[in-house]
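Accompanying notes for the structure given below.
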Amino acid sequence: ATLGSGVAAASLTRVIDRRTLLRVGIQADVLSGLQSSVYRYVPVGDQWFAERVPELRVRGAATVRLQHSLRPTLAVLAEYGLTTDTWGLVAHVGEVGLRWEPAPWAMVELRARAALQRGADFYQGRYASLTEWRTRDRLLGGMATLWPQASLRFMWPAWPAPPTWELGLRGAWIHQQFDDYAPLRTRDAGTGELWITRWF
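Oh and the sequence shown: position 78 is 78 in our numbering, straight run, nothing missing.
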């Protein structure tokens, strides 16, 4: 089946003072075509029916980000984003972070993101009768997410020289709660990353 997509985005970064940056951004997405999953079926009464969702989805998002340097080696940031679409989904996302450079060759980052999503208008955890649109995709239902993470990077040679090598470590924990998805009410996951980069 055919699925067409288009994205338009714009952002503006303003230097408020020698220690503070402000960035605002907007984005619009358009999806047109088959967006249902051919593998997902929805129980309605005692029968199962194929998932069916609208073939047009227009989504808009806006973000505001503030970054402030407390001292040359320490900076904090805060960001808020709002997303809404023609399916009725509304999501709020907030993030706070801290970046510390204990040495010219090392960087520590701590971040925490929280998201709150209201389900799409046609989403239901259980369907009592056959409806025009139907899905049990938990990502379209009401949900809350908490995502803290920490990372550590080492760079050689040290700043201000351009780096030749980078070694990075990142750990994160994700906690999600689903309002109306009966098979899965909560989900927790830990993730870890290790990477090595070589520039030529």
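C-beta: ideal position from N, C-alpha, C; glycine also.
Classification of residue i by the beta-carbon crowding that lies within 10 angstroms, buried from 16 upward
i: Val-15; result: exposed
i: Val-42; result: buried
i: Val-53; result: buried
i: Ala-75; result: buried
i: Gly-142; result: buried
i: Arg-136; result: buried
i: Arg-185; result: exposed
Closest by C-alpha distance to residue i, when choosing among the options
i: Arg-19; options: Leu-3, Val-53 and Leu-70; result: Leu-70
i: Trp-105; options: Ala-62, Trp-87 and Arg-153; result: Arg-153
i: Arg-40; options: Ala-114, Arg-134 and Ala-78; result: Arg-134
i: Glu-109; options: Leu-146, Glu-79, Pro-163 and Gly-168; result: Gly-168
i: Tyr-80; options: Val-96, Tyr-123 and His-68; result: Val-96
i: Leu-77; options: Arg-138, Thr-84 and Val-64; result: Val-64
i: Leu-116; options: Ala-158, Glu-166, Leu-184 and Gln-177; result: Gln-177
i: Leu-56; options: Thr-2, His-92, Met-107 and Val-93; result: Thr-2
i: Ala-172; options: Trp-147, Gly-45 and Thr-84; result: Trp-147
i: Leu-21; options: Ser-36, Gln-67 and Leu-34; result: Gln-67
i: Ser-32; options: Val-58, Glu-51, Val-24 and Ala-8; result: Val-58
i: Ala-112; options: Thr-84, Ile-174 and Asp-17; result: Ile-174
i: Gly-60; options: Asp-17, Gln-35 and Leu-82; result: Leu-82
i: Pro-157; options: Ala-103, Pro-72, Ala-8 and Gly-45; result: Ala-103
Cβ shell of residue i (< 6 Å), same chain only, five flanking positions each side left out
i: Ala-120; result: Trp-87, Gly-88, Leu-89 and Leu-140
i: Ile-26; result: Ala-10 and Ala-62
i: Trp-199; result: Thr-164
i: Gly-125; result: Asp-180, Tyr-181 and Ala-182
i: Thr-197; result: Glu-166
i: Gly-192; result: Gly-171
i: Met-239; result: Outside the shown range of the chain, which is 1 to 200, sits residue 239, and nothing can be said about it.
i: Ala-114; result: Gly-94 and Leu-146
i: Met-107; result: Glu-101 and Arg-153
i: Arg-118; result: Val-90 and Gly-142
Contact set for residue i: own chain, Cβ-Cβ below 8 Å, skip 5 residues either direction
i: Gly-227; result: Absent from the structure is residue 227, since the part of the chain shown begins at 1 and ends at 200.
Identified DSSP bridge partners for residue i
i: Val-42; result: Phe-49
i: Thr-191; result: Ala-172
i: Trp-165; result: Trp-156 and Arg-198
i: Gly-13; result: Strictly speaking, residue 13 in this sequence is Thr, with Gly absent from that position. Arg-23, per the DSSP bridge assignment.
i: Thr-186; result: Gln-177
i: Arg-59; result: Asp-29 and Asp-85
i: Gln-149; result: Arg-111 and Ala-172
i: Ser-5; result: Leu-31
Cβ shell of residue i (< 7 Å), same chain only, five flanking positions each side left out
i: Phe-49; result: Tyr-41, Val-42, Leu-130 and Arg-134
Could I get the ranges of all uninterrupted beta strand (DSSP E) runs contained in the segment 61 to 142, with 3 residues as the minimum, in chain order? Taking only runs of at least 3 residues, the beta strand (DSSP E) segments lying wholly in the segment 61 to 142 are 74 to 85, 90 to 103 and 106 to 118.
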